[in-house]
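One gets this note's numbering by counting positions in the sequence shown from 1 and adding 1048 to each. Backbone N, C-alpha and C define an ideal beta-carbon position, used for all residues, glycine too. Since we're looking at a predicted model, the values are computed, not measured. Down below is the structure, laid out as structure tokens.
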Amino acid sequence: MTQMDGLDVVDCERCEELCESRSRIVNGVGPADADLLFVGEAPGANEDEQGEPFVGRSGDVLDETLRDVGLDRADVRITNCVRCRPPDNRDPHADELANCREYLETEIDRVDPEVVVTLGKVPAQHLLDRDVAVTGEAGTVHDVTVAGTPRPVLVCVHPAATLYDPSQKETFADTLAKAADFTDDESGQRRIGDF
Ligand code: URA
């Protein structure tokens, strides 16, 4: 049975616990040919309710900081490693990450972004397949083979980190500015400052 329609997972029951905890599957949003693909961990309560990634406080930080570096949320694609809300917002388990991996790989493959930006520790470790000290490695770009294709992956702190630790704001903004350098003006995905 096909579980994806384009970039969307339309039906999935691979994770028993997540099927119980979710209200819905939260698919990625944004242009299907975006230059920038942001990958978070998993939906939280707001995302589960609204059916869209990063719409709570973390989403506000992401949107504001994108604007600060001349980008608009509408021009980037945003998704998660795991598409269903884990109970009590716990980290996704290894088997859940593995179950959802095919969907993430398909999305990365089909969107074919200029850069994949990992938001926080879970997506960084998932894609780099090793321990990542996100604060120390924020802003670094790694060549990662995803579904057979080499991809630049830019490590970024989670936007929520800036809420707990204001000193992370600069790190977050600097990393998004670096991500903006990957945008292709020819594609029409112009930086806001260009207008
Ligand atoms: N945190 C994430 O990692 N993903 C979301 O969609 C929201 C918050």
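Under 9 Å, do residue i and residue j count as touching if we go by C-beta distance?
| i | j | result |
| --- | --- | --- |
| Ala1195 | Arg1125 | no |
| Leu1055 | Phe1086 | no |
| Val1170 | Val1189 | no |
| Val1165 | Ala1208 | no |
| Gln1216 | Thr1183 | yes |
| Leu1202 | Leu1114 | no |
| Leu1066 | Arg1121 | no |
| Leu1152 | Phe1102 | no |
| Glu1097 | Ser1071 | yes |
| Ser1106 | Leu1211 | yes |
| Thr1127 | Asp1157 | no |
| Arg1199 | Pro1161 | yes |
Taking the alpha carbon of residue i as the point to measure from, which residue in the options has its own alpha carbon closest?
| i | options | result |
| --- | --- | --- |
| Val1159 | Thr1113, Gly1076, Val1180 and Thr1183 | Gly1076 |
| Glu1068 | Pro1135, Asp1213, Asp1229 and Glu1155 | Pro1135 |
| Cys1129 | Arg1121, Leu1114, Glu1097 and Arg1149 | Arg1149 |
| Leu1145 | Arg1062, Thr1231 and Pro1214 | Arg1062 |
| Glu1305 | Gly1088, Gly1104 and Asp1116 | Residue 1305 lies beyond the range of the chain shown here (1049 to 1243); nothing can be said about it. |
| Ala1186 | Asp1139, Glu1065 and Gln1173 | Gln1173 |
| Ala1093 | Asp1143, Arg1138 and Thr1231 | Arg1138 |
| Glu1155 | Ala1080, Glu1065 and Asp1191 | Ala1080 |
| Met1052 | Ile1073, Glu1065 and Leu1066 | Ile1073 |
| Thr1231 | Asp1123, Ala1090, Asp1108 and Glu1100 | Asp1123 |
| Asp1222 | Asp1157, Gly1118, Pro1198 and Asp1179 | Gly1118 |
| Val1058 | Glu1112, Arg1131 and Leu1084 | Arg1131 |
| His1206 | Asp1191, Pro1200, Asp1229 and Val1180 | Val1180 |
| Arg1178 | Asp1213, Asn1147 and Ala1142 | Ala1142 |
| Gly1078 | Asp1191, Pro1091, Glu1100 and Cys1060 | Glu1100 |
Mind checking who residue i pairs with in its DSSP beta bridge?
| i | result |
| --- | --- |
| Leu1145 | According to DSSP, which records beta bridges pairwise, Leu1145 is partnered with nothing at all. |
| Gly1088 | Asn1128 |
| His1190 | Val1201 |
| Thr1113 | Beta-bridge pairing links Thr1113 to no other residue. |
| Thr1166 | Val1087 and Val1203 |
| Asp1053 | Asp1056 |
| Val1077 | Ile1126 |
Can you determine whether any heavy atom of the ligand URA sits closer than 8 Å to the C-beta of residue i, and answer yes or no?
| i | result |
| --- | --- |
| Val1057 | no |
Between residue i and chain D, is any beta-carbon pair separated by less than 9 Å?
| i | result |
| --- | --- |
| Cys1063 | Protein chain content of the structure displayed is limited to a single chain, and chain D is not contained in it. |
In chain order, what residues place their C-beta within less than 7 Å of a heavy atom belonging to the ligand URA?
In chain order, the hits are Val1074, Gly1088, Glu1089, Ala1090, Pro1091, Gly1092, Glu1095, Pro1101, Phe1102, Gly1104, Ser1106, Gly1107, Asn1128, Leu1167, Gly1168, His1206 and Ala1208.
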